[in-house]
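Colleague: First, the structure itself, so that you have it in front of you.
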Amino acid sequence: MRNIIMCSINMSLLILAAAGISVMATAGTTAASSRFDYADALSKSILFFQGQRSGRLPPSQRMTWRKSSALHDGFDVHRDLVGGYYDAGDNVKFNFPMAFTTTMLSWSVIEFGQLMGPELQHAREAIRWGTDYLLKATRVPGSVVGAVGDPNADHSCWQRPEDMDTPRTSYVVNKQKPGSEVSAEIAAALAASSMVFRHSDRAYAAVLLRRATQVFEFADKYRGSYNDSIAAGVCPFYCDFNGYMDELIWGASWLYKATKAPNYWNYVKNNINYLESNNIVVRNVNGNPVPSSQGGSISEFGWDAKHAGINILVSQWVMKNPHNSNPFVPKADQFICSILPESPAPKSISYSRGSGLLFKPGGSNLQHATSISFLLLVYGRYMKLANKVVDCGNNVHVTPARLVSFTRGQVDYILGSNPLGMSYMVGFGQKFPRNVHHRGSVLPSVAQHPQHIDCHVGYSYFNGHDPNQNVLTGAIVGGPAEDDTFKDSRFDAPQSEPTTYINAPFVGVLAFFKALRH
Numbered sequence: 039m040r041n042i043i044m045c046s047i048n049m050s051l052l053i054l055a056a057a058g059i060s061v062m063a064t065a066g067t068t069a070a071s072s073r074f075d076y077a078d079a080l081s082k083s084i085l086f087f088q089g090q091r092s093g094r095l096p097p098s099q100r101m102t103w104r105k106s107s108a109l110h111d112g113f114d115v116h117r118d119l120v121g122g123y124y125d126a127g128d129n130v131k132f133n134f135p136m137a138f139t140t141t142m143l144s145w146s147v148i149e150f151g152q153l154m155g156p157e158l159q160h161a162r163e164a165i166r167w168g169t170d171y172l173l174k175a176t177r178v179p180g181s182v183v184g185a186v187g188d189p190n191a192d193h194s195c196w197q198r199p200e201d202m203d204t205p206r207t208s209y210v211v212n213k214q215k216p217g218s219e220v221s222a223e224i225a226a227a228l229a230a231s232s233m234v235f236r237h238s239d240r241a242y243a244a245v246l247l248r249r250a251t252q253v254f255e256f257a258d259k260y261r262g263s264y265n266d267s268i269a270a271g272v273c274p275f276y277c278d279f280n281g282y283m284d285e286l287i288w289g290a291s292w293l294y295k296a297t298k299a300p301n302y303w304n305y306v307k308n309n310i311n312y313l314e315s316n317n318i319v320v321r322n323v324n325g326n327p328v329p330s331s332q333g334g335s336i337s338e339f340g341w342d343a344k345h346a347g348i349n350i351l352v353s354q355w356v357m358k359n360p361h362n363s364n365p366f367v368p369k370a371d372q373f374i375c376s377i378l379p380e381s382p383a384p385k386s387i388s389y390s391r392g393s394g395l396l397f398k399p400g401g402s403n404l405q406h407a408t409s410i411s412f413l414l415l416v417y418g419r420y421m422k423l424a425n426k427v428v429d430c431g432n433n434v435h436v437t438p439a440r441l442v443s444f445t446r447g448q449v450d451y452i453l454g455s456n457p458l459g460m461s462y463m464v465g466f467g468q469k470f471p472r473n474v475h476h477r478g479s480v481l482p483s484v485a486q487h488p489q490h491i492d493c494h495v496g497y498s499y500f501n502g503h504d505p506n507q508n509v510l511t512g513a514i515v516g517g518p519a520e521d522d523t524f525k526d527s528r529f530d531a532p533q534s535e536p537t538t539y540i541n542a543p544f545v546g547v548l549a550f551f552k553a554l555r556h
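Residue numbering for the sequence shown follows our numbering, starting at 39 and increasing by one per position.
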């Protein structure tokens, strides 16, 4: 049996090596020591996106308790805006986090798609459900749809998406009322996804990339925050707190990765330092100074702040040049050192008391655990290709293998290796959240209850004590408190509400460990 296990590990390492990834197994972190089925977790993490679908569902829909919804979106602005994803447990389409979700799903496939096996096709389908909608949202030149659905009306109701009769208002940014952050994030999503489809559907990839360049030009030329332009549709739920400059640099980084056009690379280099200083002039793609908005930290990464992601992404094409004075690799190294507990550097995170889950301030903490885990694995891959280690000081040298072992601890915590023995992925393992803060999951399905459920009638189910009627398979909830406690209460949205951007980076992470295990 031991020989069979070692053979399996060696084969997985060969697969990872072929993908440009290397892992030196260390005590306690080998594939044989894991008790989790990462392949099953990967499959379920992708299936979750079908539970978030808006629009007309196809016959291939696998999460069958969900039905078509929001089939007239865009009617108020004479556009077809049917499709896309609901961001979380509500029925609003917030295009800023939806675009980030699509970017991260695409990055997951770009880095780890070759390790996904049969789930690669499902991952592509999840990406395309997002990009088809984002193409609709950017179809009219000089404007971008930032959100669909009145968020305040929606949040005052507890309705299935199939029943909702709250206003489906379309919130649009344009030249007079710009929204650089949502537009640039959509450009990033379209550019990244073009790389996903480059070999499987070249015509579609070309459409995505062409639109990405157009939307980025709009985002850069007509600068301003959607906080000011469409606040009623996005705030306070997804206000941009870090300014839009990080999204512009993020979008340019993805366009450079997709096109290798030097103007995008120059844009990134000319503007990156502005994220850390108010005294640096921001320049557009033509090199001309322009006004801007900035904020954030190099240790931040998520739907709102792209700083750490920019440095990790860009490091891939500058890391091998030791004479390059770029700031990307040093800042990426600083980010790494701010995470690992053994590093003497100042920490950008804290850890839970029981089992070392990383924490950042605010709710829905697992969004940070999944996104940071993804960045660590990707950076470890780039480090291996460049034969690099990170020097954190005090004789602490971080290898790719250390990043893998740390990340595995985060992954296993989420899947059940924690003081409560709780899997924070719905439907994975024997013990998982049963009272998820999610309208479609809480209320009976259309098949079970064909009659319309009114806006406030649904609260009788929300306030009930029974577990959710529909299992939102694969959903990763907000997660436990910093003392490792978890209420499993739909009243506690920061702990029990899933979001698409928690799952998206975790898809790539699970693909990595699936290959390592098998």
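Using N, Cα and C, we set each Cβ at its ideal position, and we do this for glycine too.
Rounded to the nearest angstrom, what separates F74 and S411 at their Cα positions?
Modeller: Translated into the one-based positions of the sequence shown, residue 74 becomes position 36. Translated into the one-based positions of the sequence shown, residue 411 becomes position 373. In a straight line, the C-alpha of F74 is about 17 Å away from that of S411.
Colleague: When you compare only the Cα positions, how much space is there between V547 and A553?
Modeller: Counted from its first residue, the sequence shown places residue 547 at position 509. Counted from its first residue, the sequence shown places residue 553 at position 515. Going by the C-alpha atoms only, they are around 10 Å apart.
Colleague: So, are the CB atoms of T408 and I310 less than 8 Å apart?
Modeller: Stepping through the sequence shown from its first residue, residue 408 is reached at position 370. Stepping through the sequence shown from its first residue, residue 310 is reached at position 272. No, the pair does not count as a contact, with Cβ atoms beyond the cut-off.
Colleague: Would you say K426 touches the ligand GDP, meaning its beta carbon is less than 7 Å from a heavy atom?
Modeller: The model depicted lacks the ligand GDP and carries no ligand whatsoever.
Colleague: Determine the burial state of R406: buried for a count of at least 16 other Cβ atoms within 10 Å of its Cβ, exposed for fewer.
Modeller: For the purposes of this step, residue 406 is taken as residue 368 along the sequence shown, with counting starting at 1. It is His, not Arg, that sits at residue 406 in the sequence shown. Buried: at least 16 other Cβ atoms inside 10 Å.
Colleague: From G168, F235 and S83, pick the residue whose C-alpha is nearest to that of G122; which is it?
Modeller: To locate residue 122, count along the sequence shown from 1; it is residue 84. Nearest option by C-alpha distance: G168.
Colleague: Here's a check: name, in chain order, each residue in its chain whose Cβ is nearer than 6 Å to the Cβ of A243, leaving out the five neighbours to either side.
Modeller: Numbered from its first residue, the sequence shown carries residue 243 at position 205. Result list for A243: S232, F235 and R236, in chain order.
Colleague: Helix or strand or just coil, what does DSSP make of N212?
Modeller: Taking the sequence shown and counting its residues from 1, one reaches residue 212 at position 174. Note: N212 maps to strand in three-state DSSP.
Colleague: What span of residues does the beta strand (DSSP E) with H435 cover, start to end?
Modeller: Position 397 of the sequence shown, counted from the start, is the residue given in the question as residue 435. Segment V434 to V436, the beta strand (DSSP E) holding H435.
Colleague: Closest Cβ-Cβ distance between T511 and chain D: below 8 Å?
Modeller: No chain D appears in this structure, which consists of one protein chain only.
Colleague: Using 8 Å as the threshold, is the stretch 102-110 in touch with the stretch 76-87, meaning 3 or more CB pairs across them?
Modeller: The stretch 102-110 vs the stretch 76-87: no contact.
Colleague: When burial is assigned at 16 or more other CB atoms within 10 Å of the CB, is A542 buried or exposed?
Modeller: Working through the sequence shown from its first residue, we reach residue 542 at position 504. The residue in question, A542, is buried, as its Cβ has 16 or more Cβ neighbours within 10 Å.
Colleague: Report the residue ranges of all alpha helix (DSSP H) runs contained in full by the stretch 238-289; include only those spanning at least 4 residues, in chain order.
Modeller: Taking only runs of at least 4 residues, the alpha helix (DSSP H) segments lying wholly in the stretch 238-289 are 240-259, 264-267 and 269-272.
Colleague: Taking the beta carbon of Q489 as the centre, do at least 16 other beta carbons fall within 10 Å, making it buried, or is it exposed?
Modeller: On the sequence shown, residue 489 is found 451 positions in, with the first residue counted as 1. Under this definition Q489 is an exposed residue.
Colleague: Which same chain residues end up closer than 8 Å to A55 when comparing Cβ atoms and leaving out the 5 residues on each side of it in sequence?
Modeller: Locating residue 55 in the sequence shown gives position 17, counting from the first residue. Unreliable positioning characterises A55 in this predicted model, as indicated by a pLDDT of 49, which lies under 50. A coordinate reading is not provided.
Colleague: Pull up the DSSP beta-bridge partners for F132, would you.
Modeller: The residue you call residue 132 lines up with position 94 of the sequence shown. F132 pairs with A185.
Colleague: Tell me the residue span of the beta strand (DSSP E) that contains V557.
Modeller: One cannot answer for residue 557 here, as it falls past the ends of the chain, which runs 39 to 556.
Colleague: DSSP three-state call for I318: helix, strand or coil?
Modeller: Taking the sequence shown and counting its residues from 1, the one referred to as residue 318 is at position 280. Note that I318 scores a pLDDT of 34, beneath 50, so its modelled location is shaky and nothing firm can be said.
Colleague: In whole angstroms, give me the CA-to-CA distance for F148 and A370.
Modeller: On the sequence shown, residue 148 is found 110 positions in, with the first residue counted as 1. On the sequence shown, residue 370 is found 332 positions in, with the first residue counted as 1. Residue identity check: residue 148 is Ile in the sequence provided, not Phe. Going from the Cα of I148 to the Cα of A370 covers about 20 Å.
Colleague: Could you tell me which whole alpha helix (DSSP H) segments of length 4 or greater appear in the stretch 67-150?
Modeller: You should have 76-89 and 133-150.
Colleague: Express the C-alpha separation of K295 and Q99 in angstroms, rounding to a whole number.
Modeller: In the sequence shown, counting from the first residue as 1, residue 99 sits at position 61. In the sequence shown, counting from the first residue as 1, residue 295 sits at position 257. Each residue's alpha carbon lies about 33 Å from the other.
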